[in-house]
Amino acid sequence: MKGKYAIAIHGGAGTITRKSMTSEKETAYREVLAAALASGEAVLQQGDSAVSAVEAAVRYMEDSELFNAGRGAVFTHEGTHEMDASIMDGKGRRAGAVAGVESVKNPIALSRAVMDHSDHVFLIGKGAEDFAALNGIESVHPSYFSTKFRKEQLMKIRDSHVTQLDHSDDSLKKHGTVGAVALDTNGNLAAATSTGGITNKRYARVGDTPVIGSGTYAENGVCAISSTGWGEYFLRAVAAYDVAALMKYGKLSLDEAARKVIFEHIAPMGGDGGFIAIDSEGRISMPFNTEGMFECSIRLPSPEAER
Ligand code: ASP
Numbered sequence: 021m022k023g024k025y026a027i028a029i030h031g032g033a034g035t036i037t038r039k040s041m042t043s044e045k046e047t048a049y050r051e052v053l054a055a056a057l058a059s060g061e062a063v064l065q066q067g068d069s070a071v072s073a074v075e076a077a078v079r080y081m082e083d084s085e086l087f088n089a090g091r092g093a094v095f096t097h098e099g100t101h102e103m104d105a106s107i108m109d110g111k112g113r114r115a116g117a118v119a120g121v122e123s124v125k126n127p128i129a130l131s132r133a134v135m136d137h138s139d140h141v142f143l144i145g146k147g148a149e150d151f152a153a154l155n156g157i158e159s160v161h162p163s164y165f166s167t168k169f170r171k172e173q174l175m176k177i178r179d180s181h182v183t184q185l186d187h188s189d190d191s192l193k194k195h196g197t198v199g200a201v202a203l204d205t206n207g208n209l210a211a212a213t214s215t216g217g218i219t220n221k222r223y224a225r226v227g228d229t230p231v232i233g234s235g236t237y238a239e240n241g242v243c244a245i246s247s248t249g250w251g252e253y254f255l256r257a258v259a260a261y262d263v264a265a266l267m268k269y270g271k272l273s274l275d276e277a278a279r280k281v282i283f284e285h286i287a288p289m290g291g292d293g294g295f296i297a298i299d300s301e302g303r304i305s306m307p308f309n310t311e312g313m314f315e316c317s318i319r320l321p322s323p324e325a326e327r
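Going by my numbering, the first residue of the sequence shown is number 21, and it counts up by one from there.
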């Protein structure tokens, strides 16, 4: 394992719907994904940690208005933005998470600060914002997150009781969360996930993204997982940890475990979405049961070179 590295990222499941995607739009998404992957890979190439690589890749996507995280976060019913994120270092199973933050430019950077500089795992709302200020995490005026496209998405459904996952035409099948998983040259695994949640959400709704074990999980020697999809189902299925448990106790391979959770656990419950998943050999699996999922990955040396 030493010397190998691998990284995979996603920009949400359900994002590629043939009806809504023009080729220009698809190119724009692919360009940001490729640049985000490259920013994570650069960290790994320098011999730096998997956790820094996943943070860099997710941060890059948070700064793009195309994805439902950071800058492009969807609107709540009240016309605000409430963002959730989490990060986990497989080395020592350290983790940091935040929910309901409204003015933190990069919620993933705040999750990292919670992991590195607090005795806690999960901070929410105003307390998380106060912690951000104390730790020099950049904040912005909430209007930074208000993009035209997201406003239109809210306006279409604001007066209904429908909440909407990001991007697809089916109101209940829109996801646009971002995430990354990586293996570094020292054999460490890490995962990170960030989202604006779902359009028109109310009552401080929080999905799976900031919940360790559902939206994000990493454990050295086993796997690292980042989820995207209908958060309520990923929460109820404890989805990310379920993959790890199937590998640890059930001795399934990464791909067998990841596919089992999506197709045999989440789908029969009525949920949809996908994972990006990586194991300690750098093998990658990216199953989804939505129409599409924006993802890309790199593994060095390549699987062909190892044969
Ligand atoms: N899982 C996210 C949530 O439910 C949404 C997504 O993946 O787009 O908040």
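For every residue, glycine included, the Cβ atom is placed at its ideal position computed from N, Cα and C.
heavy atom of the ligand ASP below 7 Å from residue i C-beta
i	result
F283	no
F254	yes
D292	no
I286	no
I218	yes
N208	no
N240	no
T96	no
N88	yes
G99	no
D262	no
G227	yes
T197	yes
G145	no
G233	no
G251	yes
T42	no
T205	no
G32	yes
T183	no
T167	no
Residues near residue i in its chain [Cβ-Cβ closer than 6 Å; skip 5 each side]
i	result
E46	none
D262	V281
K24	G302
V242	A264, M267 and K268
D299	C243 and L274
V52	S84 and L86
Same chain only: Cβ atoms within 8 Å of residue i, ignoring 5 sequence neighbours per side
i	result
S159	S123, V124, K125, E149, A152 and A153
E98	R222
F283	P307 and N309
H285	A257, A259 and D262
Exposed unless 16 or more other CB atoms sit within 10 angstroms - verdict on residue i
i	result
Y269	exposed
G302	buried
A133	buried
M103	buried
P321	exposed
F95	buried
R113	exposed
G290	exposed
E234	Rather than Glu, the amino acid found at residue 234 in this sequence is Ser. The residue in question, S234, is buried, as its Cβ has 16 or more Cβ neighbours within 10 Å.
A76	buried
S273	exposed
H161	exposed
Short CB-CB distance (under 8 Å) between residue i and chain C
i	result
I29	Protein chain content of the structure displayed is limited to a single chain, and chain C is not contained in it.
Heavy atom of the ligand ADP within 7 Å of residue i beta-carbon
i	result
G312	With respect to the ligand ADP, the structure shown offers nothing to examine, as its ligands consist of the ligand ASP.
Close beta carbons around residue i, own chain, < 7 Å, minus the five adjacent residues each side
i	result
H140	V134
I128	E75, V78, R79, E82, A105, I107, A212 and S214
E324	none
V258	G233 and S234
Exercise. What are the complete alpha helix (DSSP H) segments, minimum 4 residues, inside the stretch 242–323?
Worked result: You should have 251–256, 259–268 and 274–279.
Exercise. What are the uninterrupted segments assigned as alpha helix (DSSP H) that are 4 or more residues long and contained completely in the stretch 110–193, given in chain order?
Worked result: List check, alpha helix (DSSP H) in window: 127–137, 145–154 and 168–177.
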